[in-house]
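Below is one structure; the comments refer to it alone.
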Amino acid sequence: MSHRCQEVISLKVIDSHCPGCSILCGLHIIEDGDEIDIDFQKYCPINSGKLCKFGIDLPAIYKNCVETCMVDGELVCKDECISAASRALKSWSSRSKGKNGLVLCLGDATNEELLSLKDFANALGMKCSSGLGHFVGNITNVPLFHDFTGFDIIENSKNIILISLDPYYQYPLVARKLQMAKERGSCISSIGPEGSHLETICENIDLCRPNEVLKRLRELSQHVDRFSLFITQLGIYADPSIVAEINNICSRTSSRVKYLKDYANSEASLAMGFDNYGKSIDEIVSEMESGVITALILVESPLFDTYLDNDRFMKACEKLDTLVVIQSSMPKNLPSNAVLVPLEAFYRRKGTLINVCGRFISMGGDLEGTPDVLRKIMAGLSSAPIGSFLDLTKRSREAYDSWSANNIGYEIVSVPEHNALEGENIHLYVTNPYLLRGMGHQLVKRVGDRLYPEMLKKERYVVKQRVADGVVLSYQRDRRFKGIMGLYE
Ligand code: SF4
């Protein structure tokens, strides 16, 4: 009998969701030895297999997820960094005496990871923040949750109003839906400093400075058709006054709003009640500088490379007594006092997520991620243990069900005082998944007059055809545009 030598194929296919933004598009991740590839998940009801460029680039992004361990700038083994994190937190806990400790996770974490972080924070007397505390603290959760099962609502809306949004740069899959809506005869309007990309889809573009958006919105509110659809962004730099005002217009006109969110599981950080600190990122950084916050646990944080003023964030971190960074990729900049604890790449972790349409979805990985790391750190602290993974999943499902049942209507909320960006010149970055992870692509945040002169020296600008007076839009870190600078005044 002859034996034929068979080729061994070692492909592992994992059902996954792209962590680029809270749309959480479905895709397959294919592991072939050290190689990572993607395949389209055509049956996924969220995106029917379609991905934006960030999703297509995921193999390159995941290849950079090296599991590095560091203590005070030195490479160490994993056991050593876990022990160092444990020692540092134990010593902080015994010295803290009323000083604040904070867990900050912007949302690149599963529901189970968020709940385990909350338990960990409780056990140490720390608080949690998702970077959306200025919404939670100012206007409660009411306007932040609304139940959309999918994006079909965009295609089927007769009247759509975009507020401070450039879907082509920020959420290309939403841009596609808007194109379809236009083909079906919808009327699409826009208010905000964005203009040039919108001309192909919008009938009315009210181009204005960022400071004027709220005023224009209030003027518009007198004439909004019933059953309109608003689309805007709800991220760490978004304006709570605008979010509250849109909610109130919806309540008065039986309209709806889709708040697009930046990070993978931002929706869940609200549904899980993760943010109990109630402050914005800017306020948190000020408190780190003034010594109100003395210990920080940062989880999957891009802030070292993407905060408005990276140097300021770095210095604020270096003032802390204790800094533990739990991360699946090595930041380009890491403060010298950080204990860096590695986490597996997002697609390798198991657990559940909630997308921006309120879908409760599962990841196909097989590792626990943060709960496992926290259990090991806890072992050195002898505090209450983190529950089993199954228990965390059960609790996240319960939190989700209670959220779905309690946050559907549009109740009138009080509009917080408007903190407009100051200054004659406003440097505006429009956030997208690349920017938010400090990667080589269009990058956008906002800067007022204080940082403006410095930014002019440091950054490169892409010429845009049409933006509001006094606003500079910049798309940084895209090497194709090196040397091109456009200043709009
Ligand atoms: S970044 Fe957002 S829109 Fe793009 S593929 Fe990922 S989840 Fe989908």
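Numbered per our numbering, the sequence shown spans residues 26 to 514. Where is the CB? At the ideal position from N, CA and C, for every residue including glycine.
By how many angstroms is the C-alpha of residue j removed from the C-alpha of residue i?
| i | j | result |
| --- | --- | --- |
| Ile226 | Tyr372 | 35 Å |
| Leu36 | Val91 | 21 Å |
| Lys18 | Gly150 | The structure shown does not extend to residue 18, since the chain spans only 26 to 514, so no value can be given for it. |
| Asn184 | Arg209 | 11 Å |
| Glu228 | Gln195 | 20 Å |
| Cys43 | Ala404 | 32 Å |
| Gly511 | Tyr193 | In this prediction, Gly511 has a pLDDT of 34, which is less than 50 and means its spatial position is unreliable; what the coordinates show is noted afterwards. So the two alpha carbons sit approximately 20 Å from each other. |
| Arg337 | Ser47 | 28 Å |
| Leu439 | Ile39 | The displayed chain sequence assigns Ser, not Leu, to residue 439. The straight-line gap from Cα to Cα measures roughly 45 Å. |
| Ala109 | Thr377 | 30 Å |
| Glu423 | Ala430 | 11 Å |
| Asn72 | Glu180 | 14 Å |
| Tyr486 | Lys401 | Because Tyr486 carries a pLDDT of 46, less than 50, the predicted location of this residue cannot be relied on, and the following value inherits that uncertainty. Distance between the alpha carbons of Tyr486 and Lys401 is about 46 Å. |
| Arg112 | Asp177 | 51 Å |
| Gly298 | Met388 | 21 Å |
| Ile509 | Lys152 | Low confidence applies to Ile509: its pLDDT is 34, below 50, so where it sits in the model is not reliable enough to give any reading. |
| Ile267 | Glu442 | 10 Å |
| Glu312 | Gly158 | 14 Å |
| Ser354 | Val96 | 15 Å |
| Ile230 | Gly58 | 50 Å |
| Glu99 | Ser253 | 56 Å |
| Asp104 | Leu359 | 20 Å |
| Lys340 | Asp391 | 37 Å |
| Ser305 | Gln352 | 21 Å |
| Leu223 | Arg120 | 54 Å |
So the candidates are the options; which of them puts its Cα closest to the Cα of residue i?
| i | options | result |
| --- | --- | --- |
| Leu190 | Asp264, Asn290, Glu99, Ile54 | Asp264 |
| Ile411 | Leu399, Lys419, Arg420, Ser354 | Leu399 |
| Thr331 | Thr347, Asp307, Val349, Pro396 | Asp307 |
| Ala293 | Glu60, Cys69, Glu137 | Glu137 |
| Leu187 | Ala134, Ser118, Phe299, Leu259 | Leu259 |
| Ile437 | Met95, Ile164, Glu237 | Ile164 |
| Leu365 | Tyr87, Gly220, Cys106 | Cys106 |
| Lys122 | Val350, Glu369, Gly316 | Gly316 |
| Lys283 | Leu245, Gly98, Leu169 | Leu169 |
| Lys357 | Pro327, Cys342, Lys375, Ala148 | Pro327 |
| Pro84 | Ser266, Pro441, Gly45, Val101 | Gly45 |
| Ser214 | Ser182, Tyr87, Asn457 | Ser182 |
| Val199 | Phe145, Leu285, His53 | Leu285 |
| Glu343 | Glu314, Asp334, Leu333 | Glu314 |
Do residue j and residue i have their beta-carbon atoms positioned less than 9 Å apart in this structure?
| i | j | result |
| --- | --- | --- |
| Tyr21 | Cys275 | The question about residue 21 has no answer here: the residues shown for the chain are numbered 26 through 514. |
| Leu49 | Ile256 | no |
| Leu131 | Asp287 | yes |
| Val161 | Lys143 | no |
| Ser118 | Asp300 | no |
| Trp428 | Leu295 | yes |
| Gly126 | Ile322 | yes |
| Asp250 | Ser211 | no |
| Ile216 | Leu242 | yes |
| Thr135 | Thr395 | yes |
| Ile63 | Leu76 | yes |
| Leu140 | Ser421 | yes |
| Gly383 | Phe65 | no |
| Asp133 | Val324 | yes |
| Leu415 | Ala148 | no |
| Cys69 | Pro367 | no |
On the DSSP bridge list, what partners appear for residue i?
| i | result |
| --- | --- |
| Ala363 | Leu348 |
| Cys382 | BP columns for Cys382 are empty, so no partner. |
| Cys77 | Bridge partners of Cys77: none, in fact. |
| Leu232 | Gly217 |
| Glu369 | DSSP output for Glu369 lists no bridge partner at all. |
| Ser41 | Leu52 |
| Met388 | Gly376 |
| Leu323 | Leu129, Val350 |
| Tyr284 | Thr257 |
Under 5 Å, CB to nearest heavy atom of the ligand SF4: contacting residues: Cys43, Gly45, Cys46, Ile48, Cys50, Leu76, Cys77, Phe79, Gly80, Leu198, Pro458
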